[in-house]
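K.L.:
Once you've had a glance at the structure underneath, I'll fire off some questions.
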Amino acid sequence: MALHAAMKGKLISVIGDEDTCVGFLLGGIGEINKNRHPNFMVVDKNTAVSEIEDCFKRFIKRDDIDIILINQNVAELIRHVIDSHVAPVPAGMFNPEDLVRN
Numbered sequence: 338m339a340l341h342a343a344m345k346g347k348l349i350s351v352i353g354d355e356d357t358c359v360g361f362l363l364g365g366i367g368e369i370n371k372n373r374h375p376n377f378m379v380v381d382k383n384t385a386v387s388e389i390e391d392c393f394k395r396f397i398k399r400d401d402i403d404i405i406l407i408n409q410n411v412a413e414l415i416r417h418v419i420d421s422h423v424a425p426v427p428a429g430m431f432n433p434e435d436l437v438r439n
């Protein structure tokens, strides 16, 4: 029991459109760390690619995140940054756009 209490769970983070983020937040994945940084980013047509890249880089540096869920169309915008991440954790998982919209 003491070992279980000492272990802290890892988070899932989300980078995607509003519908995707809201769905996962309603599912309970929302978290804000001690530095007041959320584990999600809502991307819309006005979001700069540099903002998405910075968010992804922040997520891979956080030791409390094990999985990064990202919409496929958003992932294509920052493919070069994703491809440069070779560590097994956090793992990137991609949501196809047609699954999000249907």
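The sequence shown begins at 338 in this note's numbering and counts up one residue at a time.
Beta carbons are placed, not taken as given, at the ideal position from N, Cα and C, and that holds for glycine.
Here the structure is a predicted model, which is why all the values come from computation and not from measurement.
Going by DSSP in three states, V386 sits in which element: helix, strand or coil?
P.N.:
Position 49 of the sequence shown, counted from the start, is the residue given in the question as residue 386. Looking at V386 - three-state DSSP - the assignment turns out to be helix.
K.L.:
With H, G and I counted as helix, E and B as strand and the rest as coil, what does DSSP make of V480?
P.N.:
The requested residue 480 is not part of the displayed model; the chain covers only 338 to 439.
K.L.:
With N410 and T357 assumed to form a contact (beta carbons below 8 Å), what rounded beta-carbon distance in angstroms separates them?
P.N.:
Locating residue 410 in the sequence shown gives position 73, where the first residue counts as 1. Locating residue 357 in the sequence shown gives position 20, where the first residue counts as 1. About 11 Å separates the two Cβ atoms, so there is no contact after all.
K.L.:
What three-state label does DSSP hand D356 in the structure shown?
P.N.:
The sequence position of residue 356 within the sequence shown is 19, counting from 1. In the structure shown, D356 sits in a helix (DSSP, three-state: H, G or I).
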